[in-house]
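S.K.:
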Amino acid sequence: MHESQQTRQKAKSEGDQKPNMHFFHKNNLSFAKPVLLLPFCLLTLSYFFFFSDNSGFQPLFTDSSCTTTKNSALDLFPLQDTNLRIFIGILTVPHLHERRHLLRLVYSLQTRSLGTAKVDVRFVFCHSMNEEQKIFLKLEIKQYNDIIILDCFENLNDGKTYTYLSSLPSMLRGAGDDQPYDYVVKTDDDAYFRLDNLAKLLRDKPRQDLYYGMELGCEGAQIACGVNNTFMAGFGYVLSWDLVEWIAESQIARNNKVGLEDVMLGKWLNTANKGKNRYNGFPNQLYDYKGDSPDGYFRHELVPDTVAVHKLKENSHWARTLNYFNATHGLRHSKLYNNLLIR
1 MHESQQTRQK
11 AKSEGDQKPN
21 MHFFHKNNLS
31 FAKPVLLLPF
41 CLLTLSYFFF
51 FSDNSGFQPL
61 FTDSSCTTTK
71 NSALDLFPLQ
81 DTNLRIFIGI
91 LTVPHLHERR
101 HLLRLVYSLQ
111 TRSLGTAKVD
121 VRFVFCHSMN
131 EEQKIFLKLE
141 IKQYNDIIIL
151 DCFENLNDGK
161 TYTYLSSLPS
171 MLRGAGDDQP
181 YDYVVKTDDD
191 AYFRLDNLAK
201 LLRDKPRQDL
211 YYGMELGCEG
221 AQIACGVNNT
231 FMAGFGYVLS
241 WDLVEWIAES
251 QIARNNKVGL
261 EDVMLGKWLN
271 TANKGKNRYN
281 GFPNQLYDYK
291 GDSPDGYFRH
301 ELVPDTVAVH
311 KLKENSHWAR
321 TLNYFNATHG
331 LRHSKLYNNL
341 LIR
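Residue 1 is where the sequence shown starts when you use the UniProt record's numbering, and the numbers rise one by one after that.
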């Protein structure tokens with residue numbers, strides 16, 4: 001009996017030393033609940049940050065009808081405040097797959113520092129193409145949704161530019177007939193626009209009757225092109241939206257669409273006394289690539305104020321230009337490539 005009494009006292013003593021198993025008692029849940037819910041809160045915040053439509057992380061290119069959709073692939077820059085809206089059409093031809101891949105890279109990477117602007121970029125084709133080209137273009141549309149195919153035969157000076165500009169109002173306007181863009185750019189696949197400088201240039205310019213580019217005289221093209229007798233070089237010019245709407249309705253443009261495409265545009269505007277807010281970007285904003293060639297009237301060394309540089313015909317031209325403008329700046333360090341790629 002004595003031994004049994006000692007055993008009970010020992011057990012009672014050990015029981016008194018056991019940890020408090022009432023830590024999660026209902027009186028302590030005010031501390032436990034935040035701890036338990038923290039992972040779920042972090043997960044929810046992560047979802048809204050990366051996938052919410054208001055986060056600023058949007059798909060890069062919109063669909064071919066140019067209406068923004070969540071699944072679109074090249075809507076270059078919808079940010080929180082889109083008080084400047086620019087549409088860029090790159091006139092090109094189906095077989096230049098490699099060039100389009102490069103252009104998608106250089107334009108999409110620029111949009112991260114644009115500020116409050118919206119810039120949409122599309123590649124513009126006529127419908128004349130062979131079956132192989134159709135298959136490849138369909139793949140591009142599925143992946144990027146950045147293709148416009150016009151009802152015309154592929155050409156340089158036989159009306160493609162007219163078809164491009166005159167098709168935009170009906171193609172881009174959405175419900176309610178709201179004006180979708182402030183400016184429209186026509187450019188080529190051998191020109192490189194610096195989107196930040198373009199946005200800065202246009203931000204304080206008139207939104208009506210604007211015609212910006214590298215101004216040339218019509219006498220050099222041996223053609224009379226109206227009262228002003230000037231036009232903007234075809235590699236890259238900007239029109240305010242009202243002028244694009246006017247082109248779509250103008251008999252002057254419709255009846256004079258065949259010829260040097262940039263000269264004809266100047267002729268339309270000059271004949272109708274349009275484009276009175278005219279800005280010449282030559283020589284420091286718009287010019288031709290110089291490379292190893294001697295300086296010429298239209299070409300010179302790359303400069304910081306560049307809005308667009310033209311005649312980037314070879315990949316080596318693009319590489320030099322992109323390097324000058326620090327296009328690869330900010331490349332993250334990684335053991336996967338840094339030791340060999342960055343020295």
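Here a beta-carbon is modelled for each residue, glycine too, at the ideal position from N, C-alpha and C.
For a test of the three-state rule: what should DSSP assign to Ala272, helix, strand or coil?
M.R.: Here residue 272 refers to the residue found at position 272 when the sequence shown is read from its first residue. Here Ala272 sits in coil by DSSP.
S.K.: Does Lys186 come out as helix, strand or coil in the three-state DSSP assignment?
M.R.: Indexing the sequence shown from 1 puts residue 186 at position 186. Three-state result, Lys186: strand.
S.K.: Put Glu219 into one of helix, strand or coil per three-state DSSP.
M.R.: By 1-based counting over the sequence shown, the position of residue 219 is 219. Here Glu219 sits in helix by DSSP.
S.K.: State buried or exposed for Lys186, treating a residue as buried only when at least 16 other CB atoms are found within 10 Å of its CB.
M.R.: The residue you call residue 186 lines up with position 186 of the sequence shown. Under a 10 Å Cβ-count criterion, Lys186 is classified as buried, with 16 or more other Cβ atoms of the shown protein chains found around its own Cβ.
S.K.: Our contact map puts Leu198 next to Ile86 with C-beta atoms below 8 Å; I'd like the distance itself, whole angstroms only.
M.R.: The count along the sequence shown starts at 1 and reaches residue 198 at position 198. The count along the sequence shown starts at 1 and reaches residue 86 at position 86. Rounded, the Cβ-Cβ distance is 7 Å, consistent with contact.
S.K.: Beta-carbon separation of Trp241 and Asp182 under 8 Å?
M.R.: Reading the sequence shown from its first residue, position 241 is the one you call residue 241. Reading the sequence shown from its first residue, position 182 is the one you call residue 182. Yes, Cβ-Cβ distance for Trp241 and Asp182 is below 8 Å.
S.K.: How close, in whole Å, do the beta carbons of Tyr279 and His310 come, if the pair is a contact with beta carbons under 8 Å?
M.R.: Counted from its first residue, the sequence shown places residue 279 at position 279. Counted from its first residue, the sequence shown places residue 310 at position 310. No, Tyr279 and His310 are not in contact; Cβ-Cβ is about 17 Å, not under 8 Å.
S.K.: Any chance you could list the alpha helix (DSSP H) runs of at least 4 consecutive residues sitting entirely within the stretch 276-303, in chain order?
M.R.: none
S.K.: In the stretch 235-269, which residue ranges form an unbroken beta strand (DSSP E) of at least 3 residues, counting only runs that do not cross its ends?
M.R.: Listed in chain order, the complete beta strand (DSSP E) runs (minimum 3 residues) inside the stretch 235-269 are 236-240.
S.K.: So, Val258 versus Leu202, is the Cβ gap smaller than 8 Å?
M.R.: Position 258 of the sequence shown holds residue 258. Position 202 of the sequence shown holds residue 202. At a Cβ-Cβ threshold of 8 Å, Val258 and Leu202 do not count as neighbours.
S.K.: Where does Ser72 land, buried or exposed, given buried means 16+ other C-beta within 10 angstroms?
M.R.: Locating residue 72 in the sequence shown gives position 72, counting from the first residue. Reliability fails at Ser72, whose pLDDT of 38 lies under 50, so the model's placement of it is uncertain and the value that follows must be treated cautiously. So Ser72 ends up on the buried side.
S.K.: Let me confirm a value: Lys274 is counted as buried when at least 16 other C-beta atoms fall within 10 Å, else exposed. Which label applies?
M.R.: If you number the sequence shown from 1, residue 274 lands on position 274. Buried: at least 16 other Cβ atoms inside 10 Å.
S.K.: Ordered along the chain, which non-local residues of its own chain (more than five positions away) have a Cβ less than 7 Å from that of Arg299?
M.R.: On the sequence shown, residue 299 is found 299 positions in, with the first residue counted as 1. Closer than 7 Å at the Cβ level, and outside the excluded window around Arg299, lie Tyr287, Asp288, Tyr289, Lys290, Ser293.
S.K.: Can you name the start and end residues of the beta strand (DSSP E) that His310 belongs to?
M.R.: Counting from one through the sequence shown, the residue named residue 310 turns up at place 310. For His310, the enclosing beta strand (DSSP E) begins and ends at 308-310.
S.K.: Mind reading off the beta-carbon distance from Gly234 to Asp262? Whole number of angstroms is fine, and I expect it under 8 Å.
M.R.: Taking the first residue of the sequence shown as 1, we reach residue 234 at position 234. Taking the first residue of the sequence shown as 1, we reach residue 262 at position 262. The C-beta separation of Gly234 from Asp262 comes to about 3 Å, placing the pair in contact by the 8 Å criterion.
S.K.: With a threshold of 6 Å on Cβ separation, who are the neighbours of Thr161 within its own chain once the five nearest residues in sequence on each side are excluded?
M.R.: By one-based count along the sequence shown, residue 161 stands at place 161. Correct list, in chain order: Glu261.
S.K.: Nearest to Val106 by CA position, among Asp178, Lys200, Phe325, Glu314, is which residue?
M.R.: Sequence index remark: in the sequence shown, residue 106 carries index 106 (1-based). Answer by Cα proximity: Phe325.
S.K.: Would you identify the three-state DSSP class for Leu84, choosing helix, strand or coil?
M.R.: Residue numbering aside, residue 84 sits at position 84 when the sequence shown is read from its first letter. It is coil, neither helix nor strand.
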